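K.L.:
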Amino acid sequence: MQISGMLKKTAQSLKQRVRYPVQRISIYLPVVTVSSFFVTDSSVQNAYGHVSHVLTTQQYATIKMSYPDIEILATIGTGLMVVIAIFVHGIRYKKRSKIKC
Amino acid sequence: MLIRHNLISNQTDFTFLLIRMAVGIYLVSSAFVGGFLSIMDPMDYGHTYFEILTALQASVGIMLVFGLFVRIGSAMLICIFAFSFVEYGLNALDQIMLLGVSFALLLRTSSKYSVDNLLLKRKNISSTQKFDINRMFLPAIGITFGANLVWLGLVEKLLAPNMFATVLKEYGLSPVGMSVDMAVFGAGLVEIVIGLFYMFGIRMRMVSAIMLGVLVSTVVVFQENMIAHIVMFAIVVMFVINNKDPITGIKMEKILPIIRKMKNVMLLRMYAN
Chain A
1 MQISGMLKKT
11 AQSLKQRVRY
21 PVQRISIYLP
31 VVTVSSFFVT
41 DSSVQNAYGH
51 VSHVLTTQQY
61 ATIKMSYPDI
71 EILATIGTGL
81 MVVIAIFVHG
91 IRYKKRSKIK
101 C
Chain B
1001 MLIRHNLISN
1011 QTDFTFLLIR
1021 MAVGIYLVSS
1031 AFVGGFLSIM
1041 DPMDYGHTYF
1051 EILTALQASV
1061 GIMLVFGLFV
1071 RIGSAMLICI
1081 FAFSFVEYGL
1091 NALDQIMLLG
1101 VSFALLLRTS
1111 SKYSVDNLLL
1121 KRKNISSTQK
1131 FDINRMFLPA
1141 IGITFGANLV
1151 WLGLVEKLLA
1161 PNMFATVLKE
1171 YGLSPVGMSV
1181 DMAVFGAGLV
1191 EIVIGLFYMF
1201 GIRMRMVSAI
1211 MLGVLVSTVV
1221 VFQENMIAHI
1231 VMFAIVVMFV
1241 INNKDPITGI
1251 KMEKILPIIR
1261 KMKNVMLLRM
1271 YAN
């Protein structure tokens, strides 16, 4: 009886705390994903995230050979994005500090 | 007002601790395995700098975990990252988020939960009235984390589709009703878009919630090494907890009119054709 009362109280306080939809999503999404994978028991054995670890060394080397300049292209693309992002953050920072003044 | 200020201060202190612990644990584990900024690829024992790199990583990791001389530790981490370019070439960018985190730790001026705070009364030496360096903490991490995702999306998926396609084929992971090429393109695009959201500070909490779901599912489905992704987890959780940074929040109301205009232009073009 006491335990159920305590559980009810905890649930109520949680409901009060988790008011915004974003908070709910951030809690529900991982919980739902994990539980669905546990329920369906779906998993890939011996797979380790990063593509280079999933493929065998031979496979990885062969595929890599067919794309010789991707690192340079990707670096240019990512670098450009970083420069633009820093510029945008800088402008926003200036605007904020002007408003404060 | 005072309570709110204290709450925000506690949150930032907590996130500082979280990110420090994550990077520290990652570095110590990497040193323990014998890798160089990597848990999965151990170095050869005959490597010229094997002992030095292992000792450096372990010491920086311990410094960050305990919060002892955090700034010196983060400066050392920047040096380690710079050396990784010598070792891996441009592939060192796989871990560019570590550079962002080390910059952020270097810039941050005060933290409650650290040995530094007990030993030395750290002064706000970097912040002036004109430029508050603490406000750069979250954007520095957001930009580099986003850059990391964009880089991985380009290198592993969009620019080298065969690489990810082979993985999908090998493990039968291609979604139902979708060709492998389309799945590769979609995955790369999603990764890049999430990265851009992080870089430009758009809807950080929402994006982080989605990213947390993705990370958790990859750990469960692919049985990935948890420690290998601990820094990513910490960054994502940090943004879920502490998204209301003064300069990382863009209001959706400002973007919606632009999206509406784009939609109208597209519709007009469609009907014109």
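So the sequences go chain by chain: A and B. For the first sequence, position 75 matches number 75 in my numbering, and the numbering has no gaps at all. Convert by adding 1000 to the 1-based position in the second sequence; the result is the number in my numbering. The beta-carbon is built from N, C-alpha and C at its ideal position, and this holds for glycine as well. In this text the structure is predicted, and so the values were computed from the model without any measurement.
Taking B:Ile1192 as the reference, give the member of B:Ala1272, B:Val1155, B:Asn1225 and B:Arg1203 with the closest Cα.
P.N.:
In the second sequence, counting from the first residue as 1, residue 1192 of chain B sits at position 192. Nearest C-alpha to B:Ile1192: B:Val1155.
K.L.:
Can you look up B:Ile1039 in the DSSP assignment and give me helix, strand or coil?
P.N.:
In the second sequence, counting from the first residue as 1, residue 1039 of chain B sits at position 39. Note: B:Ile1039 maps to coil in three-state DSSP.
K.L.:
Taking only beta-carbon atoms, is B:Leu1090 less than 8 angstroms away from chain A?
P.N.:
Position 90 of the second sequence, counted from the first residue, corresponds to residue 1090 of chain B. It does: the Cβ of B:Leu1090 has a partner Cβ on chain A nearer than 8 angstroms.
K.L.:
Does DSSP put A:Tyr67 in a helix, in a strand, or in coil?
P.N.:
As a first step, residue 67 of chain A is located in the first sequence; it is residue number 67 there, counting from the start. Here A:Tyr67 sits in coil by DSSP.
K.L.:
To the nearest angstrom, how far is the alpha carbon of B:Ile1052 from that of B:Ile1025?
P.N.:
Stepping through the second sequence from its first residue, residue 1052 of chain B is reached at position 52. Stepping through the second sequence from its first residue, residue 1025 of chain B is reached at position 25. About 18 angstroms.
K.L.:
For the region 60-67 of chain A and the region 1151-1165 of chain B, state whether three or more C-beta atom pairs, one from each stretch, are separated by less than 8 angstroms.
P.N.:
yes
K.L.:
Of the choices B:Tyr1171, B:Ile1202, B:Leu1152 and B:Ile1096, whose alpha-carbon is the least far from that of B:Ala1187?
P.N.:
Mapped onto the second sequence, residue 1187 of chain B falls at position 187. For the residues B:Tyr1171, B:Ile1202, B:Leu1152 and B:Ile1096, the minimum Cα distance to B:Ala1187 belongs to B:Leu1152.
K.L.:
Here's the rule: buried if 16 or more other CB atoms are within 10 angstroms of the residue's CB, otherwise exposed. What is A:Lys95?
P.N.:
Residue 95 of chain A sits at position 95 when you count from the first residue of the first sequence. Taking all protein chains shown into account, A:Lys95 has fewer than 16 neighbouring C-beta atoms within 10 Å of its C-beta and is therefore exposed.
K.L.:
Run through DSSP, which three-state label would B:Phe1069 get?
P.N.:
As a working note, residue 1069 of chain B is residue 69 in the second sequence. B:Phe1069: coil per DSSP, three-state reduction.
K.L.:
Evaluate the contact criterion for the region 1223-1238 of chain B versus the region 1020-1038 of chain B: three or more CB pairs, one atom per stretch, below 8 angstroms.
P.N.:
yes
K.L.:
Using the beta-carbon count (16 or more within 10 Å), is B:Asp1094 buried or exposed?
P.N.:
Within the second sequence, residue 1094 of chain B is the residue found at index 94, counting from 1. Per the 10 Å Cβ criterion, buried.
K.L.:
Using 8 angstroms as the limit for Cβ to Cβ distance, is B:Ala1183 near chain A?
P.N.:
Locating residue 1183 of chain B in the second sequence gives position 183, counting from the first residue. Judged by the 8 angstroms Cβ criterion, B:Ala1183 is not in contact with chain A.
K.L.:
Closest Cβ-Cβ distance between B:Thr1015 and chain A: below 8 angstroms?
P.N.:
Against the second sequence, residue 1015 of chain B aligns to sequence position 15. Output row for B:Thr1015: interface = no.
K.L.:
Taking only beta-carbon positions, decide if A:Gln59 is within less than 8 angstroms of chain B.
P.N.:
As a position in the first sequence, residue 59 of chain A is number 59, starting the count at 1. Cβ-Cβ to chain B under 8 angstroms: yes for A:Gln59.
K.L.:
How about A:Met6 and B:Leu1196: do their beta carbons lie closer than 8 angstroms?
P.N.:
Against the first sequence, residue 6 of chain A aligns to sequence position 6. Against the second sequence, residue 1196 of chain B aligns to sequence position 196. Not closer than 8 angstroms, so no.
K.L.:
Grouping DSSP H, G and I as helix and E and B as strand, with all else coil, what is A:Thr62?
P.N.:
Against the first sequence, residue 62 of chain A aligns to sequence position 62. Residue state, collapsed to three classes: helix.
K.L.:
To the nearest angstrom, report how far apart B:Ala1234 and B:Val1265 are at their CA atoms.
P.N.:
Within the second sequence, the letter at position 234 stands for residue 1234 of chain B. Within the second sequence, the letter at position 265 stands for residue 1265 of chain B. Straight-line Cα distance between these residues: approximately 41 angstroms.
K.L.:
With the cut-off set at 8 angstroms, would you say B:Ser1074 and B:Leu1106 are in Cβ contact?
P.N.:
As a working mapping, residue 1074 of chain B is identified with position 74 in the second sequence. As a working mapping, residue 1106 of chain B is identified with position 106 in the second sequence. Contact flag set, yes.
K.L.:
What does the alpha-carbon distance come out to for the pair B:Val1033 and B:Ala1147?
P.N.:
Here residue 1033 of chain B refers to the residue found at position 33 when the second sequence is read from its first residue. Here residue 1147 of chain B refers to the residue found at position 147 when the second sequence is read from its first residue. Distance between the alpha carbons of B:Val1033 and B:Ala1147 is about 27 angstroms.
K.L.:
For A:Thr56, which three-state DSSP category applies?
P.N.:
Reading the first sequence from its first residue, position 56 is the one you call residue 56 of chain A. It is coil, neither helix nor strand.
K.L.:
Using beta-carbon positions only, say whether A:Ala85 and B:Ile1096 come within less than 8 angstroms of one another.
P.N.:
On the first sequence, position 85 is the one that residue 85 of chain A refers to. On the second sequence, position 96 is the one that residue 1096 of chain B refers to. Cβ distance not < 8 angstroms, so A:Ala85 and B:Ile1096 don't count as in contact.
K.L.:
Among residues of its own chain, excluding the 5 on either side of B:Ser1114, which ones have a beta-carbon nearer than 6 angstroms to its beta-carbon?
P.N.:
Your numbering for residue 1114 of chain B matches position 114 in the second sequence. Here the set comprises Gly1067.
K.L.:
Identify the continuous alpha helix (DSSP H) that holds B:Leu1138 and give its terminal residues.
P.N.:
By one-based count along the second sequence, residue 1138 of chain B stands at place 138. Looking at the DSSP string, the run of the alpha helix (DSSP H) that includes B:Leu1138 is Phe1137 to Leu1152.
K.L.:
Keeping to the same chain, check which residues put their C-beta closer than 8 angstroms to that of B:Leu1168; ignore five residues upstream and five downstream.
P.N.:
The residue given as residue 1168 of chain B occupies position 168 in the second sequence. Counting only Cβ-Cβ distances below 8 angstroms, and skipping sequence neighbours, we find Ser1174, Val1180, Ala1183 and Val1184.
K.L.:
Run down chain A in chain order and give the residues with a C-beta less than 9 angstroms from the C-beta of B:Leu1196.
P.N.:
If you number the second sequence from 1, residue 1196 of chain B lands on position 196. Under the 9 angstroms cutoff, chain A gives Met81 and Ala85.
K.L.:
Determine the burial state of B:Thr1048: buried for a count of at least 16 other Cβ atoms within 10 Å of its Cβ, exposed for fewer.
P.N.:
For the purposes of this step, residue 1048 of chain B is identified with residue 48 of the second sequence, where counting begins at 1. Exposed, since its Cβ has fewer than 16 Cβ neighbours within 10 Å.
K.L.:
Counting only Cβ pairs nearer than 9 angstroms, list the residues of chain B close to A:Thr10.
P.N.:
To locate residue 10 of chain A, count along the first sequence from 1; it is residue 10. Within chain B, no residue comes near A:Thr10; the closest Cβ sits about 21 angstroms away, beyond 9 angstroms.
K.L.:
Would you tell me roughly how many angstroms separate the C-alpha atoms of B:Ser1059 and B:Val1028, rounded to the nearest one?
P.N.:
Here residue 1059 of chain B refers to the residue found at position 59 of the second sequence. Here residue 1028 of chain B refers to the residue found at position 28 of the second sequence. B:Ser1059 and B:Val1028 have their alpha carbons spaced roughly 8 angstroms apart.
K.L.:
Could you give the DSSP three-state label for B:Ala1160: helix, strand or coil?
P.N.:
Looking up residue 1160 of chain B in the second sequence gives position 160. If DSSP states are grouped into helix, strand and coil, B:Ala1160 belongs with coil.
K.L.:
Would you tell me roughly how many angstroms separate the C-alpha atoms of A:Lys8 and B:Leu1212, rounded to the nearest one?
P.N.:
Taking the first sequence and counting its residues from 1, one reaches residue 8 of chain A at position 8. Taking the second sequence and counting its residues from 1, one reaches residue 1212 of chain B at position 212. Roughly 28 angstroms between the two C-alpha positions.
K.L.:
What first and last residue would you give for the alpha helix (DSSP H) that runs through B:Ser1102?
P.N.:
Locating residue 1102 of chain B in the second sequence gives position 102, where the first residue counts as 1. Ile1096 to Leu1107 is the extent of the alpha helix (DSSP H) around B:Ser1102.
K.L.:
Answer yes or no: does any C-beta atom of chain A fall closer than 8 angstroms to that of B:Asn1162?
P.N.:
The count along the second sequence starts at 1 and reaches residue 1162 of chain B at position 162. Answer yes: the Cβ-Cβ gap between B:Asn1162 and chain A drops below 8 angstroms somewhere.
K.L.:
Between B:Val1214 and B:Met1204, what straight-line distance do the alpha-carbon atoms span, to the nearest angstrom?
P.N.:
Locating residue 1214 of chain B in the second sequence gives position 214, where the first residue counts as 1. Locating residue 1204 of chain B in the second sequence gives position 204, where the first residue counts as 1. Going by the C-alpha atoms only, they are around 15 angstroms apart.
K.L.:
In whole angstroms, what is the alpha-carbon distance linking B:Thr1218 and A:Lys98?
P.N.:
Along the second sequence, one-based indexing puts residue 1218 of chain B at 218. Along the first sequence, one-based indexing puts residue 98 of chain A at 98. Their backbone Cα atoms lie some 43 angstroms apart in a straight line.
K.L.:
Can you name the residues of chain B whose CB is closer than 9 angstroms to the CB of A:Ser66?
P.N.:
For the purposes of this step, residue 66 of chain A is identified with residue 66 of the first sequence, where counting begins at 1. Under the 9 angstroms cutoff, chain B gives Ala1160 and Asn1162.
K.L.:
Among B:Thr1166, B:Gly1201 and B:Arg1269, which residue has its Cα nearest to the Cα of A:Ala61?
P.N.:
Position 61 of the first sequence, counted from the start, is the residue given in the question as residue 61 of chain A. If we check each option's Cα against that of A:Ala61, B:Thr1166 comes out closest.
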